[in-house]
Structures are given as C-alpha cells and as structure tokens.
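Taking it in order: structure first as structure tokens, then the write-up.
Residue numbers (the working numbering), protein chains in the order written: chain B, 4 to 157; chain G, 4 to 157.
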C-alpha cells in the first residue's frame, strides 16, 4: 500500500519494526503454544521424528546432565534414549511467550512421569527456556534448555 | 533522511528489518561477550549487585534444582546463597551469539569450582542459554538458563 508507506514518518525504522512486532504478535504466541503442545504429543507417542522436526537444522538442545547437543540430527539421536526409556505424560505449561520480530522466547514449566527401576513412576517437574525463530511460515526451535526443579540427590 | 526513505521499496518491511539486523550485528556480539565476562567478574568478586544489574527488571533466571526465578529483585536474592557459598573461578566460553534486531541468544559453556563439605574444591562444568535484549544502549539479560553437564548422583 504505497499511499500509506509515503505517509510514514521518514525516520521510521524503529516505528516500522515496532509495527511489525505488534503485527502477528498474537498469532505467533498462538502458533508457538500449539508447537509446544505438538512437542509433548509427539513425545508422549514415542515419535522421535515428530519431536525432531520441530527443531531448526542448526538448533541446540541443552538437557541437564549432558553437554549441549548441536544440530537437529544430533538432537534426534540424543532423544531416542529418553523416549525409549518410557518417559510419559509430559505436559508443558507456558508462563509467557515474548516476541520481537522473527524471534520469540518461551518460558514455562513441565511435568512428566519417569519410570523407576522398581517399576513405579516418579513425577518430575521443572522449567524450560526455548528460543523460536520464524523460518518461512513455521516457527522452529533454535535453542531449547530445561532442568528439573527437584533437589539434587545427595 | 527523507530522500532515502522515499527511494525505499514500498513493500519494504522485511528489507528494512534485515538491514537493521545487519546493522550493529558485530557490535552486539562484542557487547554481549563483554557483558558475559562482566557477569563472571562480578560473580567471582562476590558482587551480587553487579550480577543482578545485568538482568532486565522483568528477567527470568532458570537454575537447576529450583523453580524459575522471576524478576531482577528475586534473582538478586536467589543468587546471594551460591555467592555466599564461595563458588569461584567461574568462566564462560561463548559457543555462539545470534542476533535478530534487538534480541540475541547466547549459547556457551561454563566451568566453576564448588567448595565441598571436606574443604576441597570440585570442578563443575555445564552449558547455558541466555536471551538478551537491547534496552536503550545496553544489552540486558531477559532469560537465562543453565545446567551442569555432570551425571546426576545416584
């Protein structure tokens, strides 16, 4: 819409960026929330391919008790073990999603059930920080860190 | 500069944002790297106020074995205990810093020495994911997650 473009303040970089930030802000949060639910659904179904597809090719995954895992391929291979271990009933609760342009960060909590050696299930709970970027029409994870809230065993 | 503004393609939101992203990209990485070194320096000096000043007022801190800590005030209070415990020789190594506009995410590793009950020091190492935003002239932490690489005690 050229007519509107001409009416913009000339020193408008900041204004335009702020407008873009506002534009689609709700959509981004909705889309990212859905992607998070998709993550949990794939995980609970034991679908490691589905989980890995939510990561950008150059993403990094930062799980506790392990070094950072770089790249979608490596993330998929890393996740095979916990998925095979039968971790289940994973659910995320979003605390907030903040967006600036094509980048968003997503802070929230999780709960999941972890099988113990005696055959029982133990609840774990913790929090996560995920960074998403818009690639084409899809929000993809580019960095994903989490850790348990529970005390370290002594 | 109205003349230049008029020459911009009218459907230029994306172009302008990309230009802003390029602009200052190097400076941002340098500035954030310096802020990280400042973090470690304040920490090693036991200066909790100095560390807290690197966080935005609405930042979130996600340490292992604890719930997410929301807000600069709460982060400062939370950090008093580990600083008083005498954790020392903290050093960060940046793996990469990626920036889009006024947001950057910073992935890296850390090493630090933790005092044990028997008076000795034990090395811990792990990784972090930090999200920074440019507020005024300063890059401030808005979200900061980390966890140890070491195996969980059994």
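Think of the CB as a built atom: it goes at the ideal place given N, C-alpha and C, for glycine as much as any other residue.
Same chain, Cβ closer than 6 Å to residue i, neighbours up to 5 away in sequence not counted
i, result
"residue 128/G", "114, 152"
"residue 90/B", "115, 117"
"residue 86/G", "49, 51"
"residue 60/B", "75"
"residue 130/G", "112"
"residue 146/G", "63, 134"
"residue 72/B", "64, 78, 81"
Residue i (DSSP reduced to helix, strand or coil)
i, result
"residue 152/G", "coil"
"residue 90/G", "coil"
"residue 47/B", "helix"
"residue 185/B", "Here chain B has residues from 4 to 157 only, and residue 185/B is not among them."
"residue 111/G", "strand"
"residue 62/B", "strand"
"residue 30/B", "helix"
"residue 57/G", "coil"
"residue 105/B", "coil"
"residue 139/G", "coil"
"residue 122/G", "coil"
Interface flag, residue i vs chain G, CB-CB below 9 Å
i, result
"residue 33/B", "no"
"residue 69/B", "yes"
"residue 65/B", "yes"
"residue 103/B", "yes"
"residue 140/B", "no"
"residue 146/B", "yes"
"residue 155/B", "yes"
"residue 149/B", "yes"
"residue 152/B", "yes"
"residue 54/B", "no"
"residue 51/B", "no"
Chain B contact for residue i (CB, 9 Å cutoff)
i, result
"residue 20/G", "Low confidence applies to residue 20/G: its pLDDT is 45, below 50, so where it sits in the model is not reliable enough to give any reading."
"residue 106/G", "yes"
"residue 91/G", "no"
"residue 84/G", "no"
"residue 121/G", "no"
"residue 130/G", "yes"
"residue 96/G", "no"
"residue 127/G", "no"
8 Å contact criterion, which residue i and residue j should meet: CB distance rounded
i, j, result
"residue 144/G", "residue 62/G", "5 Å"
"residue 38/B", "residue 142/B", "6 Å"
"residue 35/B", "residue 100/B", "5 Å"
"residue 150/G", "residue 65/B", "7 Å"
Proximal residues to residue i (C-beta, below 8 Å), its chain only, five neighbours per side dropped
i, result
"residue 69/G", "81"
"residue 120/B", "none"
Contacting residues, own chain, Cβ-Cβ under 7 Å from residue i (five flanking each side not counted)
i, result
"residue 96/G", "111, 112"
"residue 57/B", "38, 41, 42, 143, 144"
"residue 148/B", "65, 131, 132"
Cutoff 9 Å: residue i Cβ touching any chain D Cβ
i, result
"residue 89/B", "The chain labelled as chain D is not found among the protein chains of the depicted structure, namely B and G."
Problem - Segment contact flag, the region 103-110 of chain B with the region 96-112 of chain G, C-beta cutoff 8 Å, min 3 pairs - result: Yes, the region 103-110 of chain B is in contact with the region 96-112 of chain G.
Problem - At least 3 beta-carbon pairs within less than 8 Å: the region 51-60 of chain B vs the region 124-139 of chain G - result: no
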